[in-house]
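> Please read through the structure below; I'll follow up with questions.
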Amino acid sequence: MNVQEIAREIRNSETWDDELLKQLCEEADMLEEYESADGETFESVVYKAADILNVEI
């Protein structure tokens, strides 16, 4: 699955899918930050990864 497909799946999901979010963050070289994030900070990491990859989630 490419970055655009991952982003589309995330956008179309009703809830955050951990595996998709991990894939997105891994593509942005931010997996470590994602895995270190907690329930209050993971969204900012995910949005930063999307910004780096120039995709909309």
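Going from the sequence shown to the working numbering is simple: count from 1 and add 175.
All C-beta atoms in this analysis are idealised placements derived from N, C-alpha and C, irrespective of residue type, glycine included.
Which stretch, first to last residue, makes up the alpha helix (DSSP H) that contains E146?
Limits of the chain in this structure are 176 at one end and 232 at the other, which puts residue 146 out of reach.
> Taking 7 Å as the CB-CB cut-off, is L206 touching chain D?
As a matter of chain content, chain D is missing from the structure shown, which is built from one protein chain.
> Which value, in whole angstroms, describes the spacing of the CA atoms of F217 and K223?
Indexing the sequence shown from 1 puts residue 217 at position 42. Indexing the sequence shown from 1 puts residue 223 at position 48. One C-alpha to the other measures close to 10 Å.
> Tell me the residue span of the alpha helix (DSSP H) that contains I185.
By 1-based counting over the sequence shown, the position of residue 185 is 10. Element bounds for I185: V178 to N187.
> Enumerate in chain order the residues of its own chain whose CB-to-CB distance from D192 is below 8 Å, with the five nearest sequence positions on each side excluded.
Residue 192 sits at position 17 when you count from the first residue of the sequence shown. Result list for D192: E184 and I185, in chain order.
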